[in-house]
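One structure is given below, encoded as structure tokens.
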């Protein structure tokens with residue numbers, strides 16, 4: 429998984445430079461979704477047009493990841509600035525262009541088996 433995390437760090441760095449900073453860029457493995465990761469992001473630019481932003485992020489993910497690595501990604505979620513999940517995550521860890529690994533936690537009823545915070 430370390431190689432894949434490095435690839436997501438590269439994606440975050442590229443998009444931050446190209447579009448603007450992220451308030452959150454994280455991968456979460458939910459308890460009820462074995463081997464399927466969610467990419468959670470939050471940024472001002474992504475909220476302007478969520479569909480176009482998801483398309484752009486997906487395009488960058490497809491450029492960076494191998495086909496078998498793409499299969500591990502379940503969904504891309506753009507959180508609103510006032511989303512309780514966002515404030516809960518930011519209240520736990522503050523990371524900027526780094527990496528923090530988390531496991532066995534609950535974010536507002538969402539059981540997280542494992543997670544990587546790249547920016548929060």
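Residue numbers (our numbering): 429 to 548.
Using N, Cα and C, we set each Cβ at its ideal position, and we do this for glycine too.
Residues in its own chain within less than 7 Å of residue 436 by CB, not counting five upstream and five downstream?
455, 546
Counting only runs that start and end within the stretch 464 to 498, where is the beta strand (DSSP E) found for 3 or more residues in a row?
465 to 470
Whole angstroms is fine: what's the gap from residue 453's alpha carbon to residue 460's?
21 Å
Tell me which residues share the same chain as residue 458 and place their Cβ nearer than 7 Å to its Cβ, disregarding the 5 neighbours each side in the sequence.
Leaving aside the five residues that flank residue 458 on each side, the residues in its chain whose CB is nearer than 7 Å to its CB run, in chain order, 466, 538, 539, 540, 541.
Identify which residue in 489, 446, 441 has its Cα closest to the Cα of residue 504.
489
Tell me which residues share the same chain as residue 492 and place their Cβ nearer than 7 Å to its Cβ, disregarding the 5 neighbours each side in the sequence.
435, 438, 439, listed in sequence order.
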